[in-house]
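Participant: Next up is a structure, given as structure tokens.
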Amino acid sequence: PRGCARGRDGEVRLAGVPVTALAAEFGTPLFVVDEDDFRGRCREMAAAFGGAANVHYASKAFLSAEIARWVADEGLSLDIASGGELAVALHGGFPAGRITMHGNNKSVQELGAAVAAGVGHVVVDSMQEIVRLDDVAGQAGVVQDVLVRVTVGVEAHTHEFIATAHEDQKFGFSLSSGDAMEAVRAVFAAQNLRLVGLHSHIGSQIFEIDGFELAAHRVIGLLGRIVEEFGAERTRRLDTVDLGGGLGISYTPAENPPPVAELAAKLTEIVASEAAAAGLPAPRLTVEPGRAIAGPGTVTLYEVGTVKPVTVGSGSQRRYISVDGGMSDNIRTALYDAEYDVRLVSRASAAEPAVSRVVGKHCESGDIVVRNAWLPEDLAPGDLLGVAATGAYCYSMSSRYNLITRPAVVAVRDGAARLILRRETVDDLLSLEV
Ligand code: LLP
Numbered sequence: 038p039r040g041c042a043r044g045r046d047g048e049v050r051l052a053g054v055p056v057t058a059l060a061a062e063f064g065t066p067l068f069v070v071d072e073d074d075f076r077g078r079c080r081e082m083a084a085a086f087g088g089a090a091n092v093h094y095a096s097k098a099f100l101s102a103e104i105a106r107w108v109a110d111e112g113l114s115l116d117i118a119s120g121g122e123l124a125v126a127l128h129g130g131f132p133a134g135r136i137t138m139h140g141n142n143k144s145v146q147e148l149g150a151a152v153a154a155g156v157g158h159v160v161v162d163s164m165q166e167i168v169r170l171d172d173v174a175g176q177a178g179v180v181q182d183v184l185v186r187v188t189v190g191v192e193a194h195t196h197e198f199i200a201t202a203h204e205d206q207k208f209g210f211s212l213s214s215g216d217a218m219e220a221v222r223a224v225f226a227a228q229n230l231r232l233v234g235l236h237s238h239i240g241s242q243i244f245e246i247d248g249f250e251l252a253a254h255r256v257i258g259l260l261g262r263i264v265e266e267f268g269a270e271r272t273r274r275l276d277t278v279d280l281g282g283g284l285g286i287s288y289t290p291a292e293n294p295p296p297v298a299e300l301a302a303k304l305t306e307i308v309a310s311e312a313a314a315a316g317l318p319a320p321r322l323t324v325e326p327g328r329a330i331a332g333p334g335t336v337t338l339y340e341v342g343t344v345k346p347v348t349v350g351s352g353s354q355r356r357y358i359s360v361d362g363g364m365s366d367n368i369r370t371a372l373y374d375a376e377y378d379v380r381l382v383s384r385a386s387a388a389e390p391a392v393s394r395v396v397g398k399h400c401e402s403g404d405i406v407v408r409n410a411w412l413p414e415d416l417a418p419g420d421l422l423g424v425a426a427t428g429a430y431c432y433s434m435s436s437r438y439n440l441i442t443r444p445a446v447v448a449v450r451d452g453a454a455r456l457i458l459r460r461e462t463v464d465d466l467l468s469l470e471v
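The following block contains the structure:
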């Protein structure tokens, strides 16, 4: 986080708040969100993409009512992908008109709640859903603005992208098979739907522009064919090209994502020139970053419980450091082999670094937080470890495995800490029992 600094005593402060004070007041494990970092990234994203409303924070990365208030405050739009995310966003007072609903299998109930709330856009993902949503909108007496999700045949991840290789997945309507055009026709034929844009999402944690470039080219190609078939008048409102999320962040010092402004400038240029080449007016470029807004500004604080040297292979040793959380609050290491930067944050240490593995307290050996870390040799029970960049897809993918309750989330700003999600308790577990 931007507000992270180590004091002269060796203790880390987050937005001016010492980590030992956070641990003492709120307990561990603890998610600590640097509010100015989160808000700053919202602002930079808005500035880079030329208008806050064009930037939709993808709330799947992390959402609470307080987060929804920050996003609303900064003027961004919000993407949701379930009735739960919708309910929390509305609870936080998020303006429904700036919400876009995603999902490949939204229930009639979820569609109904979204339409009743007055969400700005629904991204349709199947023929059945087009029928369902038309019905739901008709019953509510509204015409719902929709985007059609297009599978462009590009799968992009950090350092490479694979064209045409990713048709075989559950999202969207395939462009190459003609399904996307069929979906567009179905939306035009629906009484209570209005097509306002096309949507594509090619992947996550992307560092390079090529995948977006190809996606933009293909989406705008489809836009051209739609305008040709339905004419300029009927497609007057069809002005949004949504290229999804996926902007990558650095989890470890070794990773260097391009600056947001650079990526944004290139994307904007590409969309404008593709549209011009197709003889279309410049569309409105929309993006949906989740990780790039929520990820970097959060630290998870853990307390070390045990330090155990284990002999591995031919006499060499690895230190297993067990912390008080694990795969229930960060599944990403186990699920994706994700890498994180972990540091001793509660004090200074002059001891030599020793190769270490930071593990959780769950009942399986894959419960690893950081596979290979260098941590001081004198690390001991009671020390606090900080794992950086845990703001995206950690709390939001958390579980209650082993009935270990979820951590609290606090926001820090200007030297003060404020609880935004309280720690779960055993009573929360028992409250589900009937
Ligand atoms: N828009 C759509 C339609 C998406 O499906 C996603 C992410 C986003 C936007 C936001 O992508 P971002 O900017 O955060 O990369 N659980 C995985 C990430 C899954 C992303 C799913 N969709 C992880 O922890 O890495």
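Per UniProt numbering, the sequence shown starts with residue 38, numbered consecutively. Note that beta-carbon positions come from the ideal geometry of N, C-alpha and C, so glycine has one too.
1. In angstroms, rounded to a whole number, what distance separates the CA positions of Ala371 and Ser402?
2. For Ala309, collect the residues of the same chain with a Cβ closer than 6 Å to its Cβ; drop the 5 residues on either side in sequence, then sort them by chain order.
3. When you compare the region 376–383 with the region 445–462, are there three or more beta-carbon pairs, one atom per stretch, that lie closer than 8 Å?
4. Could you tell me which whole beta strand (DSSP E) segments of length 3 or greater appear in the region 158–236?
5. Enumerate in chain order the residues of its own chain whose CB-to-CB distance from residue 4 is below 6 Å, with the five nearest sequence positions on each side excluded.
6. Quick one: Cα of Ala83 to Cα of Phe99, how far?
7. Report buried or exposed for Ser139, applying the criterion of at least 16 other Cβ atoms within 10 angstroms of its Cβ.
8. Any heavy atom of the ligand LLP closer than 8 Å to the beta-carbon of Met138?
9. Do His254 and the ligand LLP come close, with the Cβ less than 8 Å from some heavy atom?
10. Please specify which runs of the beta strand (DSSP E), each continuous and at least 3 residues long, are wholly inside the region 383–448, giving them in chain order.
11. Once the 5 residues before and after Leu466 are set aside, which same chain residues still bring their CB inside 6 Å of it?
12. What separation, rounded to the nearest whole angstrom, lies between the Cα atoms of Ala391 and Gly342?
13. Under 6 Å Cβ to Cβ from Ala312, same chain only, skipping five residues before and after it: list those, please.
14. On the criterion of 16 or more Cβ atoms from any shown chain inside 10 Å, does Glu265 qualify as buried, or is it exposed?
15. In terms of residues, what are the limits of the alpha helix (DSSP H) holding Met82?
16. Starting from Ile358, trace the beta strand (DSSP E) both ways and give me its first and last residue.
17. Would you say the beta carbon of Arg369 comes nearer than 8 Å to a heavy atom of the ligand LLP?
18. Under the criterion of a Cβ to heavy atom distance below 8 Å, does Ser241 qualify as lining the ligand LLP?
19. What are the partner residues of Leu456, as DSSP defines its beta bridges?
20. Using the beta-carbon count (16 or more within 10 Å), is residue 37 buried or exposed?
21. Please indicate yes or no: does the CB of Pro413 lie closer than 8 Å to some heavy atom of the ligand LLP?
22. Tell me where the alpha helix (DSSP H) around Lys303 begins and ends.
23. So what does Tyr94 bridge to, in DSSP terms?
24. Can you find a heavy atom of the ligand SAM that lies under 8 Å from the Cβ of Arg78?
Facilitator: The structure says:
1. Roughly 10 Å between the two C-alpha positions.
2. So the qualifying residues of the chain are Ala319.
3. Judged by Cβ distances under 8 Å, the region 376–383 makes no contact with the region 445–462, as fewer than three pairs qualify.
4. The beta strand (DSSP E) runs lying completely inside the region 158–236 and spanning 3 residues or more are 158–161, 181–188, 191–194, 197–200, 230–236, given in chain order.
5. Since the first residue of the chain shown is 38 and the last is 471, residue 4 is not available in this structure.
6. Spanning the alpha carbons of Ala83 and Phe99 requires a straight line of approximately 19 Å.
7. Before going further, note that residue 139 is His rather than Ser in the sequence given. It is buried - the Cβ of His139 has at least 16 other Cβ atoms within 10 Å.
8. Every heavy atom of the ligand LLP is 8 Å or more from the Cβ of Met138, so no.
9. No.
10. Contiguous beta strand (DSSP E) elements confined to the region 383–448 occur at 390–396, 405–413, 421–425, taking only those with 3 or more residues.
11. A distance below 6 Å between beta-carbons, with the five flanking residues on each side excluded, links Leu466 to the following residues of its chain, in chain order: Leu440.
12. Going by the C-alpha atoms only, they are around 17 Å apart.
13. Only Ile257, Ala319, Pro320 meet the Cβ criterion.
14. Within a 10 Å sphere around the beta-carbon of Glu265 sit fewer than 16 other beta-carbons, which makes this residue exposed.
15. Annotation for Met82: the continuous alpha helix (DSSP H) segment containing it runs 72–85.
16. Judged by DSSP secondary structure, Ile358 falls within the beta strand (DSSP E) whose first and last residues are 353–360.
17. At a cut-off of 8 Å, the beta-carbon of Arg369 counts as near the ligand LLP: some heavy atom of the ligand is closer than that.
18. In terms of side-chain proximity, the C-beta atom of Ser241 is found nearer than 8 Å to a non-hydrogen atom of the ligand LLP.
19. In the DSSP output, where bridge partners are listed per residue, Leu456 has Val447.
20. Residue 37 cannot be examined here, being either before or after the span of the chain that is shown, 38 to 471.
21. Pro413: no, Cβ never under 8 Å from the ligand LLP.
22. Unbroken alpha helix (DSSP H) run through Lys303: 297–314.
23. Listed as beta-bridge partners of Tyr94 by DSSP are Leu115.
24. Ligands present in the displayed structure are limited to the ligand LLP, and the ligand SAM is not among them.
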